[in-house]
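Novice: Got a structure for you, questions after.
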Amino acid sequence: MFKKAIDLFSRIFVGGLFIFSGLIKLNDPVGTKIKLQEYFEVFSSDFGSFFEIFIPFALPIGMILIILEVVLGVAVLINYKMKWSMSVMMALMVFFTFLTFYSAYFNKVTDCGCFGDAIPLTPWQSFYKDLILIVFVAHLFWYRNGYESVLRTRPANAIIIATTVVSFILGITAIRHLPFIDFRPYKIGNSIPEKMIAEEAPILEYTFKKDGETVKSTKYLLPKDGYEYVSAELLNEKASTPKITDYQVVGTDGNDYTEETFSGAKLLLIFYDASFEDKEKMDELNNLINGLNGIEPMVLTSSSEADFEAFRHDYQLAVPYYFTDATVLKAMIRSNPGIMLLQDGAVLGKWHHNDIPSADIANGLIK
């Protein structure tokens, strides 16, 4: 009876968590791609250049892992071919537990991306999460030969196939457009300058020694009163840290134009680099620019000045361009190029290059 209860809990807990984690990633496969590229770069630095060959294939590798995660979650819930399902799941858990430990211990990747941008976890939180999860995965793995499917073969196969197909469609849709839900601070409705300000002032707790005893206080106690300073701890790190800390726009003249992007109506054309080669889309983009009424277009790129000069000459992109860190641009929008409409720093619209809006739509959003 006790084993059955553990079996049921393990199935629901493990299956539900895998499905939840997979769906969060399906919402933003490009985010998973970026995270995998970060891991491959770390591995190539620490273990050899061999891992560099995986960097260009980060997106398809990410899609395979995401779909596998959802499918395994569903398989566990219905006890589908548990010998195979649990063997694959156990192998994944061992690998990712090692990965999160390595990231945490050596402080290599500050966010594992386990739940995307929806629930950011520190490296140690990710590792502890995997330690808890692997206990229940190990239970199911140990008894994998004794589980029978809760469904007959044909409907069980149909569910697994349908899960795979639907997951693939959702992932491709998110890649070719934008995430269904935007969890980043640059989402529509947010004000970028407001997100650059912390919600709370820092609160420090000081540790002192006096007469051989430890004294803690949120006020700084003076040495003249007999207090010896030992250390200080930030109590509200999350609330006292702005959601956006690294947004900066620099012109070709080297001056800071960050505040300029928050002044009036701006259409930000975001190019991670100058590698885009779709002339038809660039013509659409130029039509959008030419039809703007009272909206100033600005290009933000992390490309070199020489590369972008050549690029905009090739496509007759007569828009002033500025430089922004590539990581920031990828956080702003999951599209290269991507389009963001701001009014006084507030995000009014975001579009993938596959969904370039008409000038009438952009003009109509300005209040």
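The sequence shown begins at 1 in the UniProt record's numbering and counts up one residue at a time.
Yeah, the Cβ is synthetic: ideal placement off N, Cα and C, and Gly gets one too.
1. Pull up the CB-CB distance for residue 250 and residue 160, whole angstroms please, since I reckon it's below 8 Å.
2. Touch check for the stretch 165-176 and the stretch 14-30: three-plus C-beta pairs under 8 Å?
3. How would you label residue 255, buried or exposed, when you count the other beta carbons within 10 angstroms and need 16 or more for buried?
4. Does residue 96 pass the burial test, meaning 16 or more other C-beta atoms within 10 Å, or should it be called exposed?
5. Taking Cβ to Cβ, would you say residue 188 is nearer than 8 Å to residue 281?
6. If residue 133 sits next to residue 70, beta carbons under 8 Å apart, how far is it from one beta carbon to the other, in whole angstroms?
7. Would you kindly work out how many angstroms separate the C-alpha atoms of residue 77 and residue 15, rounded to a whole number?
8. For residue 196, name the three-state secondary structure that DSSP assigns.
9. In the DSSP assignment, the alpha helix (DSSP H) including residue 37 goes from what residue to what residue?
10. Going by CA-CA distance only, name the one from 141, 316, 223, 351 that's closest to residue 80.
11. Nearest by alpha-carbon distance to residue 218: which of 225, 333, 203, 304 is it?
12. Taking the alpha carbon of residue 296 as the point to measure from, which residue in 316, 325, 326, 339 has its own alpha carbon closest?
13. With contact counted as at least three CB pairs below 8 Å, one residue from each stretch, are the stretch 341-348 and the stretch 317-325 in contact?
14. Following the continuous alpha helix (DSSP H) through residue 284, name the residue where it begins and the one where it ends.
15. In three-state terms, what does DSSP make of residue 343?
16. Which value, in whole angstroms, describes the spacing of the CA atoms of residue 287 and residue 64?
17. Give every residue of the same chain whose Cβ lies closer than 7 Å to the Cβ of residue 294, excluding the five residues on either side of it in the sequence, and list them in chain order.
18. Tell me the start and end of each unbroken alpha helix (DSSP H) in the stretch 131-196 that is at least 4 residues and wholly inside, in chain order.
19. Have a look at the DSSP bridge pairing and note the partners of residue 228.
20. Using DSSP's beta-bridge definition, name the partner residues of residue 266.
21. So is residue 62 buried or exposed if we call it buried at 16+ other beta carbons inside 10 Å?
22. Please tell me whether residue 273 and residue 302 are closer than 8 Å, where the distance is taken between their beta carbons.
23. Helix, strand or coil: which one does DSSP assign to residue 348?
24. Would you please verify whether the beta carbon of residue 357 is less than 8 Å from any beta carbon of chain B?
25. Enumerate in chain order the residues of its own chain whose CB-to-CB distance from residue 180 is below 7 Å, with the five nearest sequence positions on each side excluded.
26. Evaluate the contact criterion for the stretch 203-214 versus the stretch 53-61: three or more CB pairs, one atom per stretch, below 8 Å.
27. Quick check: does the Cβ of residue 223 come within less than 7 Å of any heavy atom belonging to the ligand NAD?
28. Helix, strand or coil: how does DSSP classify residue 99 here?
29. Provide the residue span of the beta strand (DSSP E) that contains residue 323, from first to last.
30. Label residue 136 either buried or exposed according to how many other C-beta atoms from any shown protein chain fall within 10 Å of its C-beta, with 16 as the threshold for buried.
31. Would you grab the beta carbon distance between residue 241 and residue 198 for me? Rounded to a whole angstrom, and I think it's under 8 Å.
32. Please look up how many angstroms separate the CB atoms of residue 67 and residue 168, rounded, as I've assumed it's under 8 Å.
33. Pick helix, strand or coil for residue 216, following the three-state DSSP scheme.
34. So, are the CB atoms of residue 149 and residue 158 less than 8 Å apart?
35. Quick one: measure Cβ to Cβ for residue 100 and residue 123, integer angstroms, because I've assumed they're closer than 8 Å.
36. If you compare alpha carbons, which of 329, 331, 289, 333 is closest to residue 360?
Specialist: Checking against the coordinates, here is how it stands:
1. As a working note, residue 250 is residue 250 in the sequence shown. As a working note, residue 160 is residue 160 in the sequence shown. The Cβ separation is near 51 Å, so there is no contact.
2. yes
3. Within the sequence shown, the letter at position 255 stands for residue 255. Burial call: exposed.
4. Residue mapping note: residue 96 aligns to position 96 of the sequence shown, counting from 1. Label assigned to residue 96: buried.
5. The residue you call residue 188 lines up with position 188 of the sequence shown. The residue you call residue 281 lines up with position 281 of the sequence shown. Not in contact: residue 188 and residue 281 (Cβ atoms no closer than 8 Å).
6. Translated into the one-based positions of the sequence shown, residue 133 becomes position 133. Translated into the one-based positions of the sequence shown, residue 70 becomes position 70. With 8 Å as the limit, residue 133 and residue 70 do not qualify as a contact, their Cβ atoms being about 16 Å apart.
7. Working through the sequence shown from its first residue, we reach residue 77 at position 77. Working through the sequence shown from its first residue, we reach residue 15 at position 15. Distance between the alpha carbons of residue 77 and residue 15: 6 Å.
8. Your numbering for residue 196 matches position 196 in the sequence shown. Coil at residue 196, not helix or strand.
9. Indexing the sequence shown from 1 puts residue 37 at position 37. It spans 29-47 - the alpha helix (DSSP H) in which residue 37 sits, taken as one unbroken run.
10. For the purposes of this step, residue 80 is taken as residue 80 along the sequence shown, with counting starting at 1. Residue 141 is the option with its Cα nearest to residue 80.
11. Working through the sequence shown from its first residue, we reach residue 218 at position 218. Of the listed residues, the one whose Cα sits closest to residue 218 is 203.
12. Sequence index remark: in the sequence shown, residue 296 carries index 296 (1-based). Checking every option, the nearest Cα to that of residue 296 belongs to 339.
13. Touching, no, given that fewer than three Cβ pairs across the two stretches are closer than 8 Å.
14. To locate residue 284, count along the sequence shown from 1; it is residue 284. Segment 279-290, the alpha helix (DSSP H) holding residue 284.
15. Residue mapping note: residue 343 aligns to position 343 of the sequence shown, counting from 1. If DSSP states are grouped into helix, strand and coil, residue 343 belongs with the strands.
16. The count along the sequence shown starts at 1 and reaches residue 287 at position 287. The count along the sequence shown starts at 1 and reaches residue 64 at position 64. Roughly 37 Å between the two C-alpha positions.
17. Along the sequence shown, one-based indexing puts residue 294 at 294. Counting only Cβ-Cβ distances below 7 Å, and skipping sequence neighbours, we find 265, 366.
18. 153-176, 192-195
19. The residue labelled residue 228 in the question sits at position 228 within the sequence shown. Beta-bridge pairing links residue 228 to 209.
20. Taking the first residue of the sequence shown as 1, we reach residue 266 at position 266. According to DSSP, residue 266 bridges with 296, 342.
21. By one-based count along the sequence shown, residue 62 stands at place 62. So residue 62 counts as buried.
22. Residue 273 sits at position 273 when you count from the first residue of the sequence shown. Residue 302 sits at position 302 when you count from the first residue of the sequence shown. A contact, by the Cβ cut-off of 8 Å.
23. Translated into the one-based positions of the sequence shown, residue 348 becomes position 348. DSSP places residue 348 in strand when its eight states are reduced to three.
24. Of the chains in the structure shown, none is chain B; there is only one protein chain.
25. If you number the sequence shown from 1, residue 180 lands on position 180. 27, 174, listed in sequence order.
26. no
27. In the structure shown, the ligand NAD is absent, as is every other ligand, since no ligand is present at all.
28. What you label residue 99 is simply residue 99 of the sequence shown in a count that begins at 1. Helix, per DSSP.
29. Taking the sequence shown and counting its residues from 1, the one referred to as residue 323 is at position 323. Under the DSSP assignment, residue 323 falls in the beta strand (DSSP E) whose first and last residues are 321-323.
30. Within the sequence shown, residue 136 is the residue found at index 136, counting from 1. Residue environment analysis places residue 136 among the buried positions, since at least 16 neighbouring C-beta atoms fall within 10 angstroms of its C-beta.
31. On the sequence shown, position 241 is the one that residue 241 refers to. On the sequence shown, position 198 is the one that residue 198 refers to. Right, the Cβ-Cβ distance comes to about 6 Å (below 8 Å), so this counts as a contact.
32. Numbered from 1 along the sequence shown, position 67 holds the residue referred to as residue 67. Numbered from 1 along the sequence shown, position 168 holds the residue referred to as residue 168. In this structure, residue 67 and residue 168 form a Cβ contact; the two beta carbons are roughly 6 Å apart against a cut-off of 8 Å.
33. One-based indexing of the sequence shown puts residue 216 at position 216. Residue 216: strand per DSSP, three-state reduction.
34. By one-based count along the sequence shown, residue 149 stands at place 149. By one-based count along the sequence shown, residue 158 stands at place 158. Against a cut-off of 8 Å, the Cβ pair of residue 158 and residue 149 comes out as no contact.
35. Locating residue 100 in the sequence shown gives position 100, counting from the first residue. Locating residue 123 in the sequence shown gives position 123, counting from the first residue. Right, their Cβ atoms sit about 6 Å apart.
36. Residue numbering aside, residue 360 sits at position 360 when the sequence shown is read from its first letter. With distances taken between CA atoms, residue 360 lies nearest to 289 out of 329, 331, 289, 333.
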